[in-house]
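Quick note: the sequence shown, position 175, residue 655 per this note's numbering, numbers continuous. Glycine residues also receive a C-beta, built at the ideal position from the N, C-alpha and C atoms. A short write-up of the structure that comes next.
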Amino acid sequence: MTRDAAETSNIGESLAAIGAALDEFARFGHGDAQPARERWQRMLEQPLPRHGAGLDTVLAELCEQLIPNGSAVARPGFSAYITTGPTTVAIAAATAAMLAAPQRQMLHAFNFIEELSLDWLRELLGLPVCMKGIYSSGGSVANLVALGGARQWALEQAGIDPAAEGMSRRAVLYASSETHHTVKRAAGVLGIGRNNVINIETDRQGRIVPRALRERIAQDRARDVLAVAVVASAGTTNTGAIDPLYEIGSIAAEHGLWFHVDGAYGLFGILDQRKAPLYRGIELADSAIVDPHKWMGAPVGVAASFVRDRELLLRAFTQEPAAYLEGSVHNEDAVHSMDSLGIPYADFGIELSAAPRGVVVWAMLREIGAAGMRERVVRHNDMASHVAERARADPRLELLLEPTLSVCCFRFRAPGIGDLDAFNRRIHRRLLQGNEHLPSTTMVNGCLAIRPCFIGARTTARYADELVDAVLDIGQRLLAADGSGTAIALPV
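This is the structure:
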């Protein structure tokens with residue numbers, strides 16, 4: 481056989497073949513995948529093909545079985561987890577990179593755009609000019625990379641090279657119970673240990689209490705405990721709370737500790753001028769992360785870690801030179817794109833093989849600019865504030881926490897409801913069944929909250945009112961069905 485069985489041409493034609501199905505999906509008039517699961521699973525659950533069915537058959541099955549039964553994440557009313565569907569230009573850029581630059585390394589335009597887009601992103605978010613970045617697959621790896629730099633720096637101060645020699649003494653990280661749980665996972669992977677992530681006291685808004693941090697550092701110093709870093713949140717996943725960055729950063733600097741800011745979701749909030757004062761102190765950070773696949777609308781798999789000294793990442797994550805890579809390049813007299821690896825991102829993180837991610841960020845910022853991104857952030861913050869206003873104004877609703885960014889936590893209430901948590905869970909289940917408004921739930925100060933987080937580019941202002949209306953309607957119907965009567969004003 482002289483020709484491979486796989487089709488390698490007619491790419492545009494093949495994309496066009498699934499284009500109509502994707503456009504139909506993006507109108508979101510279809511139902512959720514779960515009710516039809518038995519049917520599509522039965523169609524798809526086939527044994528390993530001994531012989532291929534061919535490109536046309538696969539494209540048809542994509543259009544008929546997979547695309548219509550995809551995820552609800554991109555729906556305009558999706559406000560559950562902090563993830564969303566990508567924008568059109570992001571899809572186009574990611575698709576282009578799949579063929580034109582399958583790897584981010586070497587001297588090609590996509591490698592150049594990787595660094596340019598990181599600089600744009602740093603400037604957009606107001607991070608110090610000295611910071612340099614690296615893309616990774618998400619907040620989990622972005623935190624791991626940044627804290628890998630923190631570990632390298634902290635142990636080097638004690639005369640240890642942890643990347644080369646391993647962890648030879650106990651170390652701790654300071655965070656809080658509201659810090660994203662991937663920080664604990666990073667501590668485990670880095671050899672610090674999940675149990676050595678110290679949760680500092682938080683206030684009722686979920687923010688670290690600086691006094692408690694200062695006291696715990698002093699206690700550990702007295703016991704000669706090595707601290708790797710202080711981790712603050714610029715917008716927690718649970719409620720959108722922003723830790724007092726300036727106070728925490730100042731305490732970290734006072735004690736010679738690395739200051740890391742997890743802004744995976746919330747760092748984009750700095751674009752809202754009304755919220756910008758809450759980010760005072762971000763300039764003190766030694767490292768910070770942000771996820772363009774959240775508020776920015778990139779395809780899932782795009783996060784960025786920024787550090788003041790990228791050479792630390794080189795020492796923390798460098799792979800030993802390989803003859804087939806470094807040994808085959810000619811950086812000084814390059815005549816071909818393969819003569820250099822370009823900027824050596826593989827030595828700044830944990831991935832060797834990686835697609836270029838910066839082209840997606842570049843494309844999105846080229847399309848809408850900083851102004852377009854700012855408008856989106858302001859719109860979504862306004863939506864959370866509007867939900868809060870309605871909750872304050874309606875006696876059938878209770879605002880459980882003042883929103884900081886685009887997350888709002890509230891619940892339905894009425895006299896005669898014995899278990900408000902269970903009742904609001906029922907409301908949430910009905911919302912999911914309706915498939916139009918899809919928030920999540922969480923716990924706030926011991927109470928179950930209905931928790932929308934507005935970040936999607938497709939999510940416009942009307943969805944805030946429609947969600948509240950749906951909660952009220954479902955709550956009233958459940959009360960009537962339970963024979964509990966009509967919700968009336970509760971004493972404050």
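Check, Outcome
"Do you know offhand how far Gln685's Cα is from Gly829's?", "34 Å"
"Which word fits Arg483, buried or exposed, when buried means at least 16 other C-beta atoms lie within 10 angstroms of its C-beta?", "exposed"
"Roughly how many angstroms lie between the CA atoms of Gly511 and Ala496, to the nearest whole one?", "24 Å"
"Specify the secondary structure class of Asn679 as computed by DSSP and reduced to three states.", "strand"
"Does the region 510-528 come into contact with the region 886-906, if we say contact requires no fewer than three beta-carbon pairs (one atom in each stretch) closer than 8 Å?", "no"
"What are the complete beta strand (DSSP E) segments, minimum 3 residues, inside the region 843-889?", "877-881"
"Going by the beta-carbon positions, is the gap between Tyr654 and Val711 smaller than 8 Å?", "yes"
"What residue does the beta strand (DSSP E) around Leu653 start on, and which one ends it?", "Ala651 to Ser656"
"Using a Cβ-Cβ cut-off of 6 Å (strictly less than) and excluding sequence neighbours within five positions of Asp752, which residues of its own chain qualify?", "Val857, Val858 and Asn861"
"Could I get the ranges of all uninterrupted alpha helix (DSSP H) runs contained in the region 578-617, with 4 residues as the minimum, in chain order?", "589-604"
"On the DSSP letters alone, give me the boundaries of the beta strand (DSSP E) that Asp742 sits inside.", "Trp738 to Asp742"
"Let me check understanding here. Comparing Cα to Cα, which of Glu636, Gln632, His660 and Val705 lies closest to Leu670?", "Gln632"
"Classify Ser785 as helix, strand or coil using the three-state DSSP reduction.", "strand"
"Using DSSP bridges, identify the partner residues of Thr922.", "Ala929"
"So, is Ile491 buried or exposed, given that buried needs 16 or more other C-beta atoms within 10 angstroms?", "exposed"
"According to DSSP, is Arg483 part of a helix, a strand, or is it coil?", "coil"
"Please specify which runs of the beta strand (DSSP E), each continuous and at least 3 residues long, are wholly inside the region 691-747, giving them in chain order.", "706-713 and 738-742"
"Buried or exposed: Arg555, going by 16 or more other Cβ atoms within 10 Å of its Cβ?", "buried"
"Can you give the Cα-Cα distance for Ala967 and Arg694, rounded to whole angstroms?", "Residue placement at Ala967 cannot be trusted, given a pLDDT of 47 that sits under 50; the coordinates are not used to answer."
"May I ask you to report which of helix, strand or coil DSSP gives Ile954?", "helix"
"With H, G and I counted as helix, E and B as strand and the rest as coil, what does DSSP make of Ile571?", "helix"
"Give the range of the beta strand (DSSP E) segment to which Ile769 is assigned.", "Ser767 to Val770"
"Between which residues of its own chain and Ala850 is the CB-CB distance below 8 Å, once the five residues before and five after are set aside?", "Leu604 and Leu751"
"Hey, Leu880 and Ala929 are a contact pair by Cβ (cut 8 Å); roughly how many whole angstroms apart?", "5 Å"
"Do Ala707 and Leu747 have their C-beta atoms within less than 8 Å of each other?", "no"
"Give the C-beta separation of Thr564 and Gly777 to the nearest angstrom, bearing in mind that I take them to be a contact with Cβ-Cβ under 8 Å.", "6 Å"
"Please classify Asn560 as buried or exposed, where buried requires at least 16 other C-beta atoms within 10 Å of its C-beta.", "Here residue 560 is Ala; the residue named in the question, Asn, does not match the sequence. The residue is buried, with at least 16 neighbouring Cβ atoms inside 10 Å."
"I'd like the list of long-range same chain contacts for Phe590, defined as Cβ closer than 8 Å, with 5 residues on each side in sequence excluded.", "Ala577, Ala580, Ala581, Arg584, Pro836, Gly838 and Val839"
"Between Glu544, Leu546, Leu542 and Leu598, which lies nearest to Val841 when the distance is taken from Cα to Cα?", "Leu598"
"Could you name the residues of the same chain whose beta carbon sits closer than 6 Å to that of Ala796, not counting the 5 residues immediately before and after it, in chain order?", "Gly628, Gly629, Gln632 and Ala643"
"Here's a check: name, in chain order, each residue in its chain whose Cβ is nearer than 7 Å to the Cβ of Ala516, leaving out the five neighbours to either side.", "Asn549"
"Return the bridge partner residues of Ser559 from the DSSP annotation.", "Pro919"
"Nearest-angstrom Cα distance between Val972 and Pro895?", "Since pLDDT at Val972 reaches only 35, below the 50 mark, its modelled position is unreliable, and the value read off the structure follows with that caveat. One C-alpha to the other measures close to 13 Å."
"Taking the C-alpha atoms as reference points, what is the distance between Ala666 and Glu541?", "39 Å"
"Sorted by chain position, which residues of the same chain lie with C-beta nearer than 6 Å to Ala969's C-beta, five sequence neighbours on each side aside?", "Any reading at Ala969 needs caution, since the residue's pLDDT is 44, under 50, leaving its predicted position unreliable; the model's value is listed next. If we look at Ala969 and ignore the five residues flanking it on each side, its Cβ neighbours are Pro875."
"Sort Ile547, Ala864, Val625 and Ile571 by Cα distance to Leu792 and report the nearest one.", "Val625"
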